[in-house]
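In the working numbering, the protein residues as written are 8 to 160. Taking it in order: structure first as structure tokens, then the write-up.
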């Protein structure tokens with residue numbers, strides 16, 4: 008498969024209303040979010056990124072995945088070819104906690120999770136097999152290196 012240098016992206020960036028949202032807005036300037044996602048896309052895309060609180064994150068994870076907890080990123084993919092169409096929902100408190108635990112900047116962890124979610128939107132899956140997980144992880148590392156972000160693992 009030939010990979011285009013950078014894909015066209017129509018991006019909607021949304022922030023829920025929650026305590027501390029300003030910190031997350033600061034870590035996610037639109038130009039950075041666009042750059043991170045475009046580097047992970049293999050074709051053009053229409054993607055909505057929504058940053059939510061723990062209640063909304065848990066509700067969405069419960070309703071759509073049957074898992075009753077807030078997770079870091081949820082990917083809702085609607086189309087993959089010829090245009091990737093997806094919603095990426097990131098739970099701000101989970102992302103902040105993980106970034107602190109992993110000793111990463113908030114922006115670097117968001118970059119990783121946006122790349123991860125964008126790969127899911129294109130059909131990559133790390134839950135099907137160990138081989139698929141290793142391939143997806145290697146692809147994430149490669150994309151992030153191209154963005155100047157060190158290996159998140």
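Even for Gly, the Cβ is constructed at its ideal location relative to N, Cα and C.
For residue 81, name the three-state secondary structure that DSSP assigns.
-> strand
Taking only the alpha-carbon atoms, compute the straight-line gap between residue 26 and residue 60 and give it to the nearest angstrom.
-> 8 Å
Rounded to a whole number of angstroms, what is the C-alpha to C-alpha distance between residue 24 and residue 88?
-> 33 Å
Helix, strand or coil at residue 35 [DSSP, three-state] = coil
Would you mind giving the Cβ-Cβ distance between residue 91 and residue 128, rounded to the nearest angstrom? I have them listed as a contact below 8 Å.
-> 5 Å
Considering only residues of the same chain and omitting the five flanking positions on each side of residue 45, which have a CB-CB separation below 6 Å?
-> 13, 14 and 16
Return the bridge partner residues of residue 102 from the DSSP annotation.
-> For residue 102, which the question treats as bridged, DSSP gives no partner whatsoever.
Start-to-end residues for the alpha helix (DSSP H) that takes in residue 153 | 137-153
Does the Cβ of residue 38 have 16 or more other Cβ atoms within 10 Å, making it buried, or fewer, making it exposed?
-> exposed
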